[in-house]
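Chemist:
In the working numbering, the protein residues as written are 146 to 388.
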């Protein structure tokens with residue numbers, strides 16, 4: 146077809162149809178972009194269920210619906226987070242990197258991170274029980290206790306009011322185990338590279354002689370020493386037999 150024939154058959158109606166098609170394509174494109182931005186914005190309002198390692202900067206973040214009876218939630222958007230009262234919309238704690246829910250109890254004390262420091266907030270009252278200005282490492286509140294590490298590197302225990310109740314006198318050493326209480330005991334790594342178990346008052350249930358320890362439920366722990374396994378129970382405070 147010659148060019149002159151093309152223009153001879155190209156009517157004003159066809160021009161409008163062509164422009165309409167272009168307009169529809171443009172609207173579809175804009176709608177897709179707007180929808181994507183909205184979805185991204187919504188998806189980044191993260192409601193966490195779990196955050197396992199409360200001391201890890203790259204901790205695994207998973208969605209949750211609220212933070213206890215107060216219906217507080219953690220909003221995380223474009224690299225910035227905050228803890229918000231779901232009823233009033235009031236920001237309770239700003240510039241929050243992550244939150245970690247309590248485990249093993251229902252007192253609603255959540256651990257949170259602001260930069261290099263860790264704090265705790267009561268999800269029922271909205272009160273910050275520990276400000277994020279002292280502890281550089283902290284784990285989830287469990288059994289009304291939490292393990293924290295201050296700037297001096299010493300391991301301490303706090304209760305669910307934020308009161309510091311035990312200074313273990315031990316320097317924190319990196320370990321693959323989460324420093325949380327299970328059946329009233331917490332595993333720590335001593336200076337000699339061996340594990341020991343402490344109770345909630347900081348008393349030594351075992352000496353630092355174990356290569357590894359694991360909680361197996363019902364108050365029992367399995368401990369490894371020199372390729373031999375033993376079972377430990379906190380009430381007996383003794384080895385009760387081979388695993």
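For each residue, glycine too, the CB sits at the ideal point set by N, CA and C. Treat the numbers as computed from the prediction; the structure is a model and nothing was measured.
Given the structure, does residue 348 come close to the ligand NAD, in the sense that its CB is under 7 Å from one of the ligand's heavy atoms?
Modeler: Here there are no bound small molecules, and the ligand NAD is not part of this structure.
Chemist: Does the beta-carbon of residue 233 have 16 or more other beta-carbons within 10 angstroms, so that it is buried, or is it exposed?
Modeler: Within the chain shown, the letter at position 88 stands for residue 233. Label assigned to residue 233: exposed.
Chemist: I need the straight-line Cα distance from residue 174 to residue 162, nearest angstrom please.
Modeler: Here residue 174 is taken as the residue at index 29 of the chain shown, counted from 1. Here residue 162 is taken as the residue at index 17 of the chain shown, counted from 1. Cα to Cα, the separation comes out at about 18 Å.
Chemist: Quickly, what does DSSP pair residue 322 with across the bridge? List them, please.
Modeler: For the purposes of this step, residue 322 is taken as residue 177 along the chain shown, with counting starting at 1. DSSP lists no partner for residue 322.
Chemist: Roughly how many angstroms lie between the CA atoms of residue 287 and residue 254, to the nearest whole one?
Modeler: Looking up residue 287 in the chain shown gives position 142. Looking up residue 254 in the chain shown gives position 109. Between residue 287 and residue 254, the C-alpha separation is close to 9 Å.
Chemist: Shortest alpha-carbon distance to residue 344 belongs to which of 219, 329, 352 and 375?
Modeler: For the purposes of this step, residue 344 is taken as the residue at position 199 of the chain shown. Taking each of 219, 329, 352 and 375 in turn and checking the Cα distance to residue 344, the smallest one comes out for 329.
Chemist: On the CB-based measure, 16 or more other CB atoms within 10 Å of its CB, does residue 263 come out buried or exposed?
Modeler: In the chain shown, counting from the first residue as 1, residue 263 sits at position 118. Classification of residue 263: buried, given that the 10 Å Cβ count is 16 or more.
Chemist: Pick out the complete beta strand (DSSP E) segments inside the stretch 219-287, 3 residues or longer, and give them in chain order.
Modeler: Runs of the beta strand (DSSP E) spanning 3 or more residues and lying entirely within the stretch 219-287 occur at 225-230, 236-239, 243-245, 254-259, 262-267 and 273-283, in chain order.
Chemist: Restricting to Cα atoms, I'd like to know which of 236, 320 and 270 is closest to residue 306.
Modeler: Your numbering for residue 306 matches position 161 in the chain shown. When 236, 320 and 270 are compared, the shortest CA-CA separation from residue 306 is found for 270.
Chemist: By alpha-carbon positions, which one of 237, 309, 230 and 268 ends up nearest to residue 245?
Modeler: Here residue 245 refers to the residue found at position 100 of the chain shown. The residue with the shortest Cα to Cα distance from residue 245 is 268.
Chemist: Once you ignore the five residues that flank residue 281 on each side, which residues in its own chain have a CB closer than 8 Å to its CB?
Modeler: As a working mapping, residue 281 is identified with position 136 in the chain shown. So the qualifying residues of the chain are 261, 262, 263, 294, 295 and 296.
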